[in-house]
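Enquirer:
Protein chains: 2
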Amino acid sequence: MIIKGEEQVTEAVLEAMQGTPDARLREVASALVRHLHAFAAEVRLTEEEWELGVDALIRSGKACTDSHNEMILLSDVLGLSTLVCLMNNGAGGPTETAAALLGPFWRMHSLHVANGGSILRSETPGPTLFMQGQVVDTEGKPISGAEVDIWQASPVGMYENQDPGQADMNLRGKFTTDEDGRFSLRSVKPAGYPVPTDGPVGDLLKAQKRHPYRPAHIHALLFKQGFKTLVTQVFVDEDEHLETDVVFGVTEALVGDFQQHESEPPEPDAGTPWYSLEYRFVMTPGEAKLPVPPIK
Amino acid sequence: MIIKGEEQVTEAVLEAMQGTPDARLREVASALVRHLHAFAAEVRLTEEEWELGVDALIRSGKACTDSHNEMILLSDVLGLSTLVCLMNNGAGGPTETAAALLGPFWRMHSLHVANGGSILRSETPGPTLFMQGQVVDTEGKPISGAEVDIWQASPVGMYENQDPGQADMNLRGKFTTDEDGRFSLRSVKPAGYPVPTDGPVGDLLKAQKRHPYRPAHIHALLFKQGFKTLVTQVFVDEDEHLETDVVFGVTEALVGDFQQHESEPPEPDAGTPWYSLEYRFVMTPGEAKLPVPPIK
Numbered sequence: 003m004i005i006k007g008e009e010q011v012t013e014a015v016l017e018a019m020q021g022t023p024d025a026r027l028r029e030v031a032s033a034l035v036r037h038l039h040a041f042a043a044e045v046r047l048t049e050e051e052w053e054l055g056v057d058a059l060i061r062s063g064k065a066c067t068d069s070h071n072e073m074i075l076l077s078d079v080l081g082l083s084t085l086v087c088l089m090n091n092g093a094g095g096p097t098e099t100a101a102a103l104l105g106p107f108w109r110m111h112s113l114h115v116a117n118g119g120s121i122l123r124s125e126t127p128g129p130t131l132f133m134q135g136q137v138v139d140t141e142g143k144p145i146s147g148a149e150v151d152i153w154q155a156s157p158v159g160m161y162e163n164q165d166p167g168q169a170d171m172n173l174r175g176k177f178t179t180d181e182d183g184r185f186s187l188r189s190v191k192p193a194g195y196p197v198p199t200d201g202p203v204g205d206l207l208k209a210q211k212r213h214p215y216r217p218a219h220i221h222a223l224l225f226k227q228g229f230k231t232l233v234t235q236v237f238v239d240e241d242e243h244l245e246t247d248v249v250f251g252v253t254e255a256l257v258g259d260f261q262q263h264e265s266e267p268p269e270p271d272a273g274t275p276w277y278s279l280e281y282r283f284v285m286t287p288g289e290a291k292l293p294v295p296p297i298k
Numbered sequence: 003m004i005i006k007g008e009e010q011v012t013e014a015v016l017e018a019m020q021g022t023p024d025a026r027l028r029e030v031a032s033a034l035v036r037h038l039h040a041f042a043a044e045v046r047l048t049e050e051e052w053e054l055g056v057d058a059l060i061r062s063g064k065a066c067t068d069s070h071n072e073m074i075l076l077s078d079v080l081g082l083s084t085l086v087c088l089m090n091n092g093a094g095g096p097t098e099t100a101a102a103l104l105g106p107f108w109r110m111h112s113l114h115v116a117n118g119g120s121i122l123r124s125e126t127p128g129p130t131l132f133m134q135g136q137v138v139d140t141e142g143k144p145i146s147g148a149e150v151d152i153w154q155a156s157p158v159g160m161y162e163n164q165d166p167g168q169a170d171m172n173l174r175g176k177f178t179t180d181e182d183g184r185f186s187l188r189s190v191k192p193a194g195y196p197v198p199t200d201g202p203v204g205d206l207l208k209a210q211k212r213h214p215y216r217p218a219h220i221h222a223l224l225f226k227q228g229f230k231t232l233v234t235q236v237f238v239d240e241d242e243h244l245e246t247d248v249v250f251g252v253t254e255a256l257v258g259d260f261q262q263h264e265s266e267p268p269e270p271d272a273g274t275p276w277y278s279l280e281y282r283f284v285m286t287p288g289e290a291k292l293p294v295p296p297i298k
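Those protein sequence lines, which keep their order, are chains A and B.
The working numbering applies: residue 3 is where the first sequence begins, and numbers increase by one.
The working numbering applies: residue 3 is where the second sequence begins, and numbers increase by one.
Written as C-alpha cells, this is what we have:
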C-alpha cells in the first residue's frame, strides 16, 4: 500500500507479512512489528536516537567472539533472557528449581569427578565449601544416573579461562548422581564479578548508573535422558548484590542456603570458617539435549 | 529485587533503570523494556526463537561494512525506519514533501552540474528523463541557493558504484536552485532494484514470501542554511512495486508524476519516448546538517 502518514506504517508492514506460510513466524514477526512500532510511537523516537540504537546493535554484533557474546549480554541486562528463561521453565514456588542463564563461561568436556571429590585443580585461596546436591523429578522422586556439570568463579570472581593463575578446568567438574539422586563435592566459596563493560552494554550500564555485578553463584547443568536438560545457577544468599543482579538472574528458588561453620571441618585441611550448601534440583520431563552456546 | 516469577521480571528491570540521571534515556529505555517484554510474553517466545533472534542480530551486525548496512536494512524491512522518518518529518497531506530514507547509496562529494545539465557521465541506455524541480518553504515561498544533491539507479536498477559498466559518479549531480527556487536536469528514467538478500534480512524476506524490490526512485538531499536538511525520494508512479516497496518507503507525497511523451523531445538526441517530471520539494525551518551515514 501507499502510505498516507505515520499512522498507516504498522498496517502496511503487517499486510506485507500476511503471506508468511509458517503460522508461528507470521505470529511472532507480526507481534514484533506491533510492539516495536508501539515503542517508537510512544516515545516519539528521534532520528538521532534511532541511529544510536542501530549503531549500538551493530557494535554489539561486531563485539561477539568465540569467548564473548555482547548481544546475549544486551538481552541479559534488559531482562529479556531471564523472562524467556522463566516463561519456558515454569518457575513456580520456591521449592521448584528454576532454570537460569547458561552464561558465557560453560565449557564442554569438563572432567568427571567422583562424588565427594574436589573440583580444585590448582591452589585456590578462599573458604572451603562442601556442597551436597540432590536431583529429583517433579514428584520428588530421586533421579539416579543424572550427569551434573558444575562450574563456578573463584573466590576473587574469576573463571579459570579468564585467569592465568588457575589451572585448566579449575573449579569445574562433572558428577553422576547415586541411587538416591545425590552428588557431593568439595570446592571454595565463589565470589561475584562484573560483566564485561568495555562494549555498548557497559556504556548503557554507566549511563543508567547501574553497577555491573553479578552476585556469587555456582552453575549447574543437569542432563538425564527423559528430562529437559536443566541449566541453572545457585546464588550465595549473603552476597551484597543478591537483590541487584545486573542480569536479573536471581529468583527465589535459586537462592542457596550457604551455611558458615566455625566448627571442625569434615576434612582436616579445609580450614575455618568453612561453608556447607545443600540444594535440591528438580528436573521436568522433556528432551535431554546439551546446549550449544550461540556464540560466533 | 529477588524475582518470584516471570510476572515480576519487567518490574525488576524498570526498578533497576529508575536511577538513570538523563530523563530521556530513562523514558526511552523503560519503554523499550516494557514493549520488548510485552512482545515476548504475548507470543510466549521460546528459548530456540530467542536464540534465533539473537543470532540474526549478531549476523546482521557482522554483515555491516563500509558499503552495506544490514542492520539498517533490517530496520527498513520491519517498517521502523519509515515510521521514525515520518514521525520526525511531518508527512502531512500529499502537497507536503515528506522525508525518506537516505539509503546506502548516497556518496559525498558528487560533482556540481549547472541547471539543465545532464547527470550522465557514461553511456547509459534507457529512456531520457527531463526533471524540473522547485524548492519552497512551508508557505510556498521559493528557496533560492538551496543545494540539491540528486542520485539514482540506472534503467537496469544499478547505482554506478555497484556497476563496473558505469563511469564514476554517473547518475549523480549537485544543483543549486535559482531565484525562483528551481533546478532542472537531464537524466534517464530509473528502474527499481532488489535490496541485498544474501544476509539475515534476505532469509527473513524469503521465509515471509516477500519480494525484495524497491520501486524505481530518484533520491534527493536538499541543503540550505536555516532549513532542516531534507533527505527524500521521488518514486516512479508506474512502477509495478509502487504499492509493495520492500522497505515501505512510498508515501503519497513522494509519488512523482512521470509523464511519457511521444512528441519531439526538448533536446534532439533524447529519443522517443521520453519522460518529464515536475516535482516540488518543501523544506521546513530547522538545522541544516549533512548526513553522516551510520555505517561501520
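Quick reminder that beta carbons are idealized off the backbone N, C-alpha and C, glycines included.
Going by DSSP, what residue range makes up the beta strand (DSSP E) through His219/A?
Expert: His219 to Phe225
Enquirer: Determine the DSSP secondary structure at Leu279/B, reduced to helix, strand or coil.
Expert: strand
Enquirer: Would a C-beta distance cut-off of 9 Å place Pro287/B and Asp247/B closer than the cut-off?
Expert: no
Enquirer: Using a Cβ cut-off of 9 Å (strictly closer), state whether Asp205/B contacts chain A.
Expert: no
Enquirer: Can you pull the chain B residues whose beta carbon is under 8 Å from the beta carbon of Trp52/A, in chain order?
Expert: Within chain B, the residues near Trp52/A are Ser77, Leu82, Ser83 and Val86.
Enquirer: Alpha carbon to alpha carbon, how far is Asp205/B from Gln136/B? Give it in angstroms, no decimals.
Expert: 41 Å
Enquirer: Check this for me: beta carbons of Val249/A and Val79/A, under 9 Å apart or not?
Expert: In contact: Val249/A and Val79/A (Cβ atoms closer than 9 Å).
Enquirer: Assign His221/A to buried or exposed, taking buried as 16 or more other Cβ atoms, counted over all protein chains shown, within 10 Å of its Cβ.
Expert: buried
Enquirer: Suppose only complete runs of 3+ residues qualify. What are the beta strand (DSSP E) ranges in the segment 127-165 of chain A, listed by chain order?
Expert: 130-139 and 149-154, all fully within the segment 127-165 of chain A.
Enquirer: So which residues of chain A does Met89/B contact, with C-beta pairs closer than 8 Å?
Expert: Glu8, Ala42, Ala43, Arg46 and Leu47
Enquirer: Quick one, are the C-beta atoms of Ser124/B and Trp153/B less than 9 Å apart?
Expert: With contacts defined by Cβ atoms closer than 9 Å, Ser124/B and Trp153/B do not form a contacting pair.
Enquirer: Would you kindly check if the distance between the Cβ of Leu88/A and the Cβ of Trp52/B is under 9 Å?
Expert: no
Enquirer: At a CB-CB cut-off below 8 Å, which residues of chain A make contact with His39/B?
Expert: Gly81, Leu82 and Leu85
Enquirer: Counting along the chain, where does the beta strand (DSSP E) carrying His263/B start and finish?
Expert: Val257 to His263
Enquirer: Going by DSSP, name the residue or residues bridged to Arg46/B.
Expert: Paired residue(s): none; Arg46/B is not in a bridge.
Enquirer: Are the C-beta atoms of Gly167/A and some chain B residue less than 9 Å apart?
Expert: no
Enquirer: Leaving out five residues before and five after Gly273/A in sequence, what residues of the same chain have Cβ atoms less than 8 Å from its Cβ?
Expert: Pro129, Thr130 and Pro267
Enquirer: Report back the beta-carbon spacing between Phe237/A and Tyr161/A to the nearest angstrom; my notes put them in contact at under 8 Å.
Expert: The Cβ separation is near 16 Å, so there is no contact.
Enquirer: Taking the CB atoms as reference points, tell me whether Val190/A and Thr126/A lie closer together than 9 Å.
Expert: yes
Enquirer: What do you reckon, are the CB atoms on Asp180/B and Asn117/B nearer than 9 Å?
Expert: yes
Enquirer: Give me, in chain order, the residues of the same chain whose beta-carbon lies closer than 8 Å to that of Val138/A; leave out the 5 immediate sequence neighbours on both sides.
Expert: Pro144, Ile145, Gly183, Arg282, Phe283, Val284 and Met285
Enquirer: Would you report the Cα separation of Gly201/B and Glu245/B, rounded to the nearest angstrom?
Expert: 24 Å
Enquirer: Can you tell me which residues form a DSSP beta bridge with Lys176/B?
Expert: In the DSSP output, where bridge partners are listed per residue, Lys176/B has His114/B and Asp151/B.
Enquirer: For Thr199/A, which residues in the same chain have their Cβ closer than 7 Å to its Cβ, ignoring the five residues on either side in sequence?
Expert: Leu207 and Pro214
Enquirer: What residues of chain B sit near Thr140/A, judged by a beta carbon separation below 8 Å?
Expert: Residues of chain B passing the Cβ test: none, with the nearest at roughly 17 Å.
Enquirer: I'd like to know if Met171/A contacts chain B, where contact means its C-beta is closer than 9 Å to some C-beta of that chain.
Expert: no
Enquirer: In chain order, what are the residue ranges of uninterrupted alpha helix (DSSP H) at least 4 long that sit wholly in the segment 53-103 of chain B?
Expert: 72-79 and 82-90
Enquirer: Rounding to the nearest angstrom, what Cα-Cα distance links Asp239/A and Thr84/A in this structure?
Expert: Approximately 19 Å between the Cα atoms of the pair.
Enquirer: Does any residue of chain B have a CB that is nearer than 9 Å to the CB of Leu27/A?
Expert: yes
Enquirer: Is the Cβ of Asn71/B closer than 9 Å to any Cβ of chain A?
Expert: So yes, Asn71/B belongs to the interface.
Enquirer: Would you be able to state if there are at least three C-beta pairs under 8 Å between the segment 43-57 of chain A and the segment 30-45 of chain B?
Expert: Two segments are said to touch when three or more pairs of C-beta atoms, one from each, lie closer than 8 Å; by this definition the segment 30-45 of chain B touches the segment 43-57 of chain A.
Enquirer: Is Ser120/A helix, strand or coil by DSSP?
Expert: strand
Enquirer: Would you say Gly159/B and Ala193/B are within 9 Å of each other, going by their C-beta atoms?
Expert: yes
Enquirer: Residues of chain B with CB closer than 7 Å to the CB of Pro287/A, please, in chain order.
Expert: Neighbours of Pro287/A on chain B: none; closest Cβ ~17 Å, over 7 Å.
Enquirer: Let me confirm a value: Ala155/B is counted as buried when at least 16 other C-beta atoms fall within 10 Å, else exposed. Which label applies?
Expert: buried
Enquirer: Say whether chain B places a C-beta atom closer than 9 Å to the C-beta of Leu244/A.
Expert: Residue-level contact check: Leu244/A touches chain B, since one or more beta carbons of chain B fall below 9 Å from its beta carbon.
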